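For the sequence shown, the UniProt record's numbering gives the first residue as 1, with consecutive numbering after it. Glycine included, every Cβ here is placed at the ideal spot set by N, Cα and C. Remember, it's a predicted structure, so these values are computed and weren't measured experimentally. Remarks on the structure that follows.
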Amino acid sequence: MKNTAVRKTKEFTPGNCPVVYCMNIIGGKWKPSILHMIRTDRNRYSILLKNITEISKQTLTNQLRELETDGIIERIIFPEIPPRVEYTITDYGKTLLPIIDSMYNWGRENMKTDNKGYCDKK
């Protein structure tokens with residue numbers, strides 16, 4: 001089932017700015033965290049929801065759909081009973097991982113606390 005919904009900000013690129021284009025793809029409160037978790041093998045909906053305790057089910061669903069529509073992640077449905085769905089980062093999505101790594105490293109260096117958060121692999 002292909003999601004054909006178009007976000008309001010998807011085509012918003014004033015001055016044809018590459019930074020704005022990138023932010024349209026991975027911007028927002030949750031997408032970088034979601035990508036980081038998927039790449040660290042927390043790639044199932046229930047695990048993502050459990051790890052990001054502040055996100056609602058609807059918001060997580062919407063963010064995953066947008067990432068899938070943009071070709072950043074792939075949704076894999078396993079033909080099992082009960083059904084199992086996992087998310088993987090596409091080759092195109094992997095081109096964003098250096099950005100996610102830089103965000104993670106910058107955050108770890110500049111956070112005011114040494115406590116591990118939900119982005120740290122458990």
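A straight-line Cα-Cα distance of about 27 Å links LYS112 and LEU60.
According to DSSP, ILE76 shares a beta bridge with GLU86. Boundaries of the alpha helix (DSSP H) harbouring MET103: 97 to 110, taken from the DSSP string.
Shown here, ASN16 sits in a helix according to DSSP, grouped into three states. Between the alpha carbons of ARG75 and ILE55 lies a distance of about 20 Å. Around the beta carbon of ILE26, 16 or more other beta carbons sit within 10 angstroms, so the residue counts as buried. By the neighbour-count criterion, in which a residue is buried when 16 or more other Cβ atoms sit within 10 angstroms of its Cβ, ARG42 is buried. The stretch 43 to 54 makes no contact with the stretch 94 to 104: fewer than 3 CB pairs, one atom from each, lie closer than 8 Å. With at least 16 other beta carbons inside 10 angstroms of its own, LYS31 counts as buried. Straight through space, the alpha carbons of GLY71 and TYR92 are spaced by roughly 7 Å.
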